[in-house]
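Enquirer:
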Amino acid sequence: MAVPILKQGDYLIATIQSALSDSGVLKLRDDLAERVGRFRSRGIIIDVAALDVIDSFVARSLRTIALTARLRGARTVIVGIQPDVAVAMVQFQLDLAPLETALDLEEALALLDQRNHVAAQR
Amino acid sequence: MDGDTAGLTSAPMEAPEIDSSTLRELVAQLRDESSQLREEWVERIKTAHLLSVMTDDEIFSEVTAVYDNYVDALETGSVESLQAYARDLSERIIRRGVETHEVLGIVLLLRDVLARSLFRRYQGDPELLSRVLDSYEPAANRIAVTVGVSFVEERERIIREQQAAIRELSTPVLQVRDRLLILPIIGVLDTQRARQLTEQLLSAIQANRAKVVVIDITGVVTIDLTVANNLVQTVKASRLMGATAIVTGLSSSIAQTLVDLGVDVSMIRSVGDLQGGLEEAERLLERTVVDPDEPLGDAALQG
Chain X
16 MAVPILKQGD YLIATIQSAL SDSGVLKLRD DLAERVGRFR SRGIIIDVAA
66 LDVIDSFVAR SLRTIALTAR LRGARTVIVG IQPDVAVAMV QFQLDLAPLE
116 TALDLEEALA LLDQRNHVAA QR
Chain E
836 MDGDTAGLTS APMEAPEIDS STLRELVAQL RDESSQLREE WVERIKTAHL
886 LSVMTDDEIF SEVTAVYDNY VDALETGSVE SLQAYARDLS ERIIRRGVET
936 HEVLGIVLLL RDVLARSLFR RYQGDPELLS RVLDSYEPAA NRIAVTVGVS
986 FVEERERIIR EQQAAIRELS TPVLQVRDRL LILPIIGVLD TQRARQLTEQ
1036 LLSAIQANRA KVVVIDITGV VTIDLTVANN LVQTVKASRL MGATAIVTGL
1086 SSSIAQTLVD LGVDVSMIRS VGDLQGGLEE AERLLERTVV DPDEPLGDAA
1136 LQG
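In order, the protein sequences belong to chains X and E. All you need for this note's numbering is the position in the first sequence, starting with 1, plus 15. All you need for this note's numbering is the position in the second sequence, starting with 1, plus 835.
Below, the structure is given as structure tokens:
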């Protein structure tokens, strides 16, 4: 199932609604990279609240997406990691760095706004 | 005391009918002399300074009940009612500080008092005395074991209950102001408690939409490798949930331990005391709450 990507101002919002397949990940990565270019987006928010499990494959995929997007000029924030998922990820030493995380969509938007604000001042 | 081993080893050899007739006679005798034997027992309890936390009246009433139960158990060979009574008694006296050695001492004293009375009665007939002791000793030992075990089991049950109560009490997650949580940790951190803390903290972060969490471990005396790693994991997991964790109150010995153990402390944001941690948290929150468009945000409330 394709991951829907919404455009909100300068940002893109992708909500993952079910477990990602290999092809799903590649498609999400390509879609996001293409849209970042088309909409000149400054940030990407990926909502993983629906995921019960974040395994090494998903973690690596999210990192790949973030690095790709960064090369296209957009920051990526992951939101909605559930408490037990967070514990499991830390126990399995799955690191999302250099990705940024936030509690929910609102937090992520505030975070991106702040980053861009700081960037604009410099 | 020499009779114990003989009694235990020879008991299975006895034919049951001899047992039961001797035992009946024995029980009848113990009932006849009950008041005298009870007084002797109380006397010996006092001489041995056992049950010092209880009054004489209390000792007397418990002694009467235990004595009757004891003789009943000798007669029927069933220790169930005695067991139930011992549990009930233990529950009452444990809370008053009666120790295991006292309970065992009292039961053994009663055994001795009764054995002495048998000696007195049958001293003219060594062969009969030996038969009576053969049936008395195994039963008496079994009773002593039952009472001792009941006491210890009751004690362990109370300890388990208290542990559960302490676990529930000891992990509060407090909200100090909007988006700021404090997790004060006091006492001994074991693996189970550390895991429970992590879960509670993460749920609280989600429920309160916390941005900053101050984990205060001033009240933690020692820390081991497992728990240290657990602390680091808690900090990382909070990060994944979008909250920054600040650890405060690391004592010098704990700090030393963490470094000696080679725990990766590079990503722990640490401040000396709780006050400093709260100040740091305020700074972080002020930096993050820069949302001029939100009419009822923190800035508006404070301003």
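Here a beta-carbon is modelled for each residue, glycine too, at the ideal position from N, C-alpha and C.
Any contact between the region 987-995 of chain E and the region 1020-1035 of chain E? By contact I mean 3 or more CB pairs, one from each, below 8 Å.
Expert: No, they do not touch.
Enquirer: Kindly indicate which residue of ASP110(X), THR30(X), LEU66(X) has the alpha-carbon position closest to the one of GLN97(X).
Expert: Nearest C-alpha to GLN97(X): LEU66(X).
Enquirer: Check whether the Cβ of ALA34(X) lies closer than 8 Å to any Cβ atom in chain E.
Expert: It does not: the Cβ of ALA34(X) has no partner Cβ on chain E nearer than 8 Å.
Enquirer: Taking the DSSP output, what are the residues bridged to TYR26(X)?
Expert: Note: TYR26(X) sits in a beta bridge opposite GLN23(X), GLY58(X).
Enquirer: Determine the chain E residues that contact PRO113(X) at a beta-carbon separation under 9 Å, and present them in chain order.
Expert: Within 9 Å Cβ-Cβ: nothing; PRO113(X) doesn't reach chain E, min ~12 Å.
Enquirer: Buried or exposed, going by whether 16 or more other CB atoms sit within 10 Å of the CB of LEU21(X)?
Expert: Looking at its Cβ environment, which holds fewer than 16 other Cβ atoms inside 10 Å, LEU21(X) is exposed.
Enquirer: What does the Cβ neighbour count give for ASP969(E), buried or exposed, with the cut at 16 atoms within 10 Å?
Expert: Classification of ASP969(E): buried, given that the 10 Å Cβ count is 16 or more.
Enquirer: Which bits of chain E does GLN106(X) rub up against, with CB to CB less than 8 Å?
Expert: Those are GLN1068, listed as they occur along chain E.
Enquirer: Cβ closer than 9 Å: which chain X residues qualify as neighbours of LEU1037(E)?
Expert: Near LEU1037(E) (Cβ distances below 9 Å), the residues of chain X are GLN97, PRO98, ASP99, ALA101, VAL102.
Enquirer: Can you name the residues of chain X whose CB is closer than 8 Å to the CB of GLU1034(E)?
Expert: Residues of chain X passing the Cβ test: PRO98, ASP99, VAL102.
Enquirer: Counting contacts by CB-CB distance shorter than 8 Å, is LYS1071(E) in contact with chain X?
Expert: So, interface residue.
Enquirer: Secondary structure at LEU41(X), three-state DSSP: helix, strand or coil?
Expert: Helix.
Enquirer: Along chain X, in chain order, which residues have C-beta atoms closer than 7 Å to that of ARG1074(E)?
Expert: Here the neighbours are THR116.
Enquirer: Quick one: measure Cβ to Cβ for ALA81(X) and MET1076(E), integer angstroms, because I've assumed they're closer than 8 Å.
Expert: With a Cβ gap of about 18 Å, ALA81(X) and MET1076(E) do not count as contacting.
Enquirer: By the three-class DSSP mapping on this structure, what secondary structure does VAL94(X) have?
Expert: VAL94(X): strand per DSSP, three-state reduction.
Enquirer: Here's the rule I'm using: 16 or more other beta-carbon atoms within 10 Å means buried, otherwise exposed. How should LYS881(E) be labelled?
Expert: That one is exposed.
Enquirer: Do ALA1063(E) and VAL1098(E) have their beta-carbon atoms positioned less than 8 Å apart in this structure?
Expert: Closer than 8 Å, so yes.
Enquirer: Quick check on this structure: which residue in VAL942(E), SER925(E), VAL1049(E) has the alpha carbon closest to the alpha carbon of ILE1017(E)?
Expert: For ILE1017(E), the nearest C-alpha among the options comes from VAL1049(E).
Enquirer: Let me check one thing: in DSSP terms, what residues is PRO1019(E) bridge-paired to?
Expert: According to DSSP, which records beta bridges pairwise, PRO1019(E) is partnered with ASP1051(E).
Enquirer: Return the chain-ordered list of same chain residues with a C-beta closer than 8 Å to the C-beta of VAL906(E), the five sequence neighbours on each side being excluded.
Expert: VAL862, LEU865, ARG866, SER869.
Enquirer: Can you name, in chain order, every residue of its own chain whose Cβ lies under 6 Å from the Cβ of PRO1140(E), other than the five neighbours on each side?
Expert: Lying before the first or after the last residue shown, residue 1140(E) is absent from chain E, which here runs from 836 to 1138.
Enquirer: Do ALA1072(E) and LEU1037(E) have their C-beta atoms within less than 8 Å of each other?
Expert: In this structure, LEU1037(E) lies closer than 8 Å to ALA1072(E) by Cβ.
Enquirer: Given this structure, state the Cα-to-Cα distance separating PRO961(E) from ALA900(E), to the nearest angstrom.
Expert: So the two alpha carbons sit approximately 32 Å from each other.
Enquirer: Quick one: what does DSSP say ILE1081(E) is sitting in, helix, strand or coil?
Expert: Of the three classes helix, strand and coil, the one that applies to ILE1081(E) here is strand, per DSSP.
Enquirer: Count the other CB atoms, across all protein chains shown, that sit within 10 Å of the CB of VAL68(X); report buried if there are 16 or more and exposed otherwise.
Expert: VAL68(X) comes out exposed.
Enquirer: By the criterion of Cβ-Cβ separation under 7 Å, what are the contact partners of ALA1080(E) in chain X?
Expert: Correct list: empty, because the minimum Cβ distance to chain X is about 12 Å.
Enquirer: Residues of chain X with CB under 9 Å from GLN1031(E), in chain order?
Expert: Neighbours of GLN1031(E) on chain X: none; closest Cβ ~11 Å, over 9 Å.
Enquirer: Would you kindly work out how many angstroms separate the C-alpha atoms of LEU111(X) and GLN32(X), rounded to a whole number?
Expert: Each residue's alpha carbon lies about 19 Å from the other.
Enquirer: Classify ALA1134(E) as buried or exposed, calling it buried when 16 or more other Cβ atoms lie within 10 Å of its own Cβ.
Expert: Because ALA1134(E) sits at a pLDDT of 37, beneath the cut-off of 50, its placement in the model cannot be relied upon, and the following sentence gives the value as read from the coordinates. By the 10 Å Cβ count, ALA1134(E) comes out exposed.
Enquirer: Contact between the region 114-132 of chain X and the region 34-52 of chain X: three or more CB pairs below 8 Å?
Expert: Verdict: no, contact absent.
Enquirer: Is any beta-carbon of chain E found at less than 8 Å from that of GLU49(X)?
Expert: Answer no: the Cβ-Cβ gap between GLU49(X) and chain E never drops below 8 Å.
Enquirer: Using a Cβ cut-off of 8 Å (strictly closer), state whether ARG977(E) contacts chain X.
Expert: No, because no Cβ of chain X sits closer than 8 Å to the Cβ of ARG977(E).
Enquirer: May I ask you to report which of helix, strand or coil DSSP gives SER1105(E)?
Expert: SER1105(E) falls in the strand class under three-state DSSP.
Enquirer: By Cβ distance below 6 Å, which residues in the same chain neighbour GLN1035(E) in space, the five residues on each side in sequence not counted?
Expert: Around GLN1035(E): THR1006, VAL1008.
Enquirer: Shorter than 8 Å from the beta carbon of ARG1012(E) to some beta carbon of chain X?
Expert: No, ARG1012(E) lies away from the interface with chain X (no Cβ there is under 8 Å from its Cβ).
Enquirer: Check the C-beta distance from VAL967(E) over to THR857(E) and give it rounded, since I have them as a contact under 8 Å.
Expert: Right, their Cβ atoms sit about 6 Å apart.
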